[in-house]
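Peer 1: Below you will find the structure I want to go over with you.
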Amino acid sequence: MEYNSSVAEGSGKYHDEGDGMNCIKHPETPAAGTCAGCAEPFCNACLVTIKNAKYCADCKGLAVKKDVMAGAGPVGSCEEASSALKYAIVSLFCIGFILGPIAIIKGFSAKKIIAANPRLEGGGKATAAIIIGIISTVLNILGIIAKFAIKD
Ligand SMILES: [Zn+2]
Ligand SMILES: [Zn+2]
């Protein structure tokens, strides 16, 4: 069949060469084109054009949803997560037993803020802040203990 090659052109125009392609919803009606989602033939009444692509009623919903999802990216980053990470990094170098716990607390509160507002990004930063905060707190306390242990 030559039909496939003309479809592959992607010109958006379909030649009805009378090869018996009818709308799968309306078997009496010749197909006007194929759905970009499921590749089934549909008539003009069934096809909806979304962003230069034709979709059937079933795939239309999916196409619109995908579009909405793509448009619903993060709207901003969570400030709390950034500041938690700053505290965490500084805590690695100085007063870890104070700054470490602050980073952990801020990290958890940032996670709460992000959970309440999924369009904020910074979840990774908050997690990193918590992990680094725990590490620097533990290392710092171990360091203090070690100092005392060596002195004795
Ligand atoms: Zn479809
Ligand atoms: Zn139809």
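Take 3 as the starting number for the sequence shown in the numbering used here and just add one per residue. Heads up, the beta-carbon is just placed ideally off N, CA and C, and yes, glycines get one too. All figures in this text were calculated on a predicted structure; none of them were measured in a lab.
Looking only at its chain, what residues have a beta carbon closer than 7 Å to the beta carbon of K62, apart from the 5 residues adjacent to it on each side?
Peer 2: Cβ within range, chain order: V50, I52.
Peer 1: At the level of alpha carbons, what is the spacing between L94 and K108?
Peer 2: Near 16 Å, if we compare the C-alpha coordinates of K108 and L94.
Peer 1: When you measure from the CB of G39 to every non-hydrogen atom of ligand 1, does any distance come out below 7 Å?
Peer 2: Yes, since a heavy atom of ligand 1 falls inside the 7 Å radius drawn around the Cβ of G39.
Peer 1: According to DSSP, what are the bridge partners of Y89?
Peer 2: The partner list for Y89 (beta bridge, DSSP) is empty, contrary to what the question assumes.
Peer 1: Less than 8 Å between the C-beta atoms of K56 and G35, yes or no?
Peer 2: Yes, the Cβ-Cβ distance between K56 and G35 is below 8 Å.
Peer 1: Using the Cα positions of G124 and S84, report the straight-line distance between them to the nearest angstrom.
Peer 2: When rounded, the distance between both Cα atoms is 7 Å.
Peer 1: Check for me: the beta strand (DSSP E) holding K56 runs from which residue to which?
Peer 2: From DSSP, the beta strand (DSSP E) with K56 extends over 55 to 57.
Peer 1: E81: buried (16+ other C-beta within 10 angstroms of its C-beta) or exposed?
Peer 2: By the 10 Å Cβ count, E81 comes out exposed.
Peer 1: By Cβ distance below 6 Å, which residues in the same chain neighbour E11 in space, the five residues on each side in sequence not counted?
Peer 2: Confidence in E11 is poor, its pLDDT being 44 and thus under 50, which makes the residue's placement too unreliable to answer from.
Peer 1: So, for A90: in the same chain, excluding its five sequence neighbours on each side, which residues have a beta-carbon less than 6 Å away from its beta-carbon?
Peer 2: Closer than 6 Å at Cβ, skipping near neighbours: A105, A131, I134, G135.
Peer 1: Please name the residue in D60, L144, G78 whose C-alpha comes closest to that of L122.
Peer 2: The option with the nearest alpha carbon to L122 is G78.
Peer 1: Pull up the distance between the alpha-carbon of T139 and that of G102, whole angstroms please.
Peer 2: Rounded to whole angstroms, T139 to G102 spans 5 Å at the Cα level.
Peer 1: Does V77 come out as helix, strand or coil in the three-state DSSP assignment?
Peer 2: V77: coil per DSSP, three-state reduction.
Peer 1: Please give the ranges of any alpha helix (DSSP H) in the region 77 to 150, keeping only runs that are unbroken, at least 4 residues long and fully inside the region.
Peer 2: List check, alpha helix (DSSP H) in window: 81 to 95, 98 to 118.
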